[in-house]
Ligand SMILES: Cc1cc2nc3c(=O)[nH]c(=O)nc-3n(C[C@H](O)[C@H](O)[C@H](O)COP(=O)(O)O)c2cc1C
């Protein structure tokens, strides 16, 4: 049974969750959230479940010079994977750094100082923080997308953004305004992934 006070909040919450969609960085345009709005989004990220309150994650907000450094990292990572990469392919890799109006890098802290909170738990905490942030952005009318890729694990990117040993660059978070509305997406049905164990 629902808690008697829960319904209006549940309706809002379900609508917010069910209407969020991944919008790739190519389909995001200005405006993105400003600095004050970003701070509000990060405050929501900070409300993520966090065993032992380690806050095993951090975010970088990539400004113009950082985007330029990121472009160089994307090109260098491609060159490393494919020494024969054509100039047009390198330019395409560089260009990915400039797509979304706001670009964040989500970093997990997997350093082993707290054995009771192993790496999978820390990654879950970061996942929850990211989801809080995406939903808070969505509630404010901003669209978002996550992106990953092999460049994230490259040494050149780790050095360019000062990642410590034991930190993991998990994904980019792009924020902005959607250039087009995406139709609703089918979701897994509850019975596919829930077993009621007596
Ligand atoms: C850690 C992580 C990394 C992701 N990386 C990519 C990516 O590189 N490219 C992409 O198109 N989507 C990426 N996604 C987004 C998923 O494709 C997207 O969430 C999925 O298609 C479901 O769509 P929805 O978010 O609209 O429900 C990533 C999602 C997560 C959780």
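Numbering (my numbering), first residue to last: 1 to 198. Backbone N, C-alpha and C define an ideal beta-carbon position, used for all residues, glycine too.
Spatial distance of residue i from residue j (CA atoms)
{"i": "residue 181", "j": "residue 116", "result": "43 Å"}
{"i": "residue 37", "j": "residue 198", "result": "46 Å"}
{"i": "residue 161", "j": "residue 67", "result": "11 Å"}
{"i": "residue 23", "j": "residue 144", "result": "6 Å"}
{"i": "residue 166", "j": "residue 102", "result": "26 Å"}
{"i": "residue 176", "j": "residue 30", "result": "6 Å"}
{"i": "residue 74", "j": "residue 82", "result": "12 Å"}
{"i": "residue 8", "j": "residue 86", "result": "55 Å"}
{"i": "residue 187", "j": "residue 18", "result": "9 Å"}
{"i": "residue 159", "j": "residue 13", "result": "40 Å"}
{"i": "residue 155", "j": "residue 189", "result": "40 Å"}
{"i": "residue 195", "j": "residue 84", "result": "50 Å"}
{"i": "residue 42", "j": "residue 60", "result": "11 Å"}
{"i": "residue 121", "j": "residue 109", "result": "11 Å"}
{"i": "residue 118", "j": "residue 47", "result": "20 Å"}
Enclosing beta strand (DSSP E) for residue i [first to last residue]
{"i": "residue 177", "result": "167 to 178"}
{"i": "residue 108", "result": "102 to 109"}
{"i": "residue 59", "result": "57 to 61"}
CB-CB length for residue i against residue j, believed under 8 Å
{"i": "residue 90", "j": "residue 105", "result": "With a Cβ gap of about 21 Å, residue 90 and residue 105 do not count as contacting."}
{"i": "residue 107", "j": "residue 170", "result": "7 Å"}
{"i": "residue 20", "j": "residue 135", "result": "6 Å"}
{"i": "residue 33", "j": "residue 172", "result": "The Cβ separation is near 15 Å, so there is no contact."}
{"i": "residue 64", "j": "residue 174", "result": "Rounded, the Cβ-Cβ distance is 16 Å, inconsistent with contact."}
{"i": "residue 52", "j": "residue 92", "result": "No, residue 52 and residue 92 are not in contact; Cβ-Cβ is about 43 Å, not under 8 Å."}
Option nearest residue i by Cα separation, candidates the options
{"i": "residue 168", "options": "26, 36, 56 and 43", "result": "56"}
{"i": "residue 132", "options": "45, 177, 103 and 60", "result": "45"}
{"i": "residue 16", "options": "64, 138, 25 and 156", "result": "138"}
{"i": "residue 178", "options": "122, 99, 112 and 119", "result": "99"}
{"i": "residue 49", "options": "172, 123, 97 and 25", "result": "123"}
{"i": "residue 146", "options": "72, 129 and 186", "result": "129"}
{"i": "residue 151", "options": "140, 72 and 14", "result": "72"}
{"i": "residue 62", "options": "52, 153 and 35", "result": "35"}
{"i": "residue 157", "options": "94, 194, 185 and 121", "result": "94"}
{"i": "residue 76", "options": "153, 112, 39 and 58", "result": "153"}
{"i": "residue 111", "options": "164, 140 and 60", "result": "164"}
{"i": "residue 149", "options": "88, 195, 43 and 70", "result": "70"}
{"i": "residue 27", "options": "42, 196, 96 and 194", "result": "96"}
Unbroken alpha helix (DSSP H) run spanning residue i, endpoints
{"i": "residue 117", "result": "That residue, residue 117, is in no alpha helix (DSSP H); it is neither H nor E in DSSP."}
{"i": "residue 199", "result": "Within the shown structure, residues of the chain are numbered from 1 to 198, placing residue 199 beyond reach of any answer."}
{"i": "residue 65", "result": "64 to 81"}
{"i": "residue 14", "result": "7 to 19"}
{"i": "residue 42", "result": "35 to 45"}
{"i": "residue 158", "result": "155 to 160"}
{"i": "residue 140", "result": "From DSSP, residue 140 is part of no alpha helix (DSSP H); its letter is neither H nor E."}
{"i": "residue 94", "result": "87 to 95"}
Worksheet item: How would the residue list near ligand 1 read, in chain order, if you kept each one whose beta-carbon is closer than 5 Å to any heavy atom?
Response: 21, 22, 146, 147, 148 and 171
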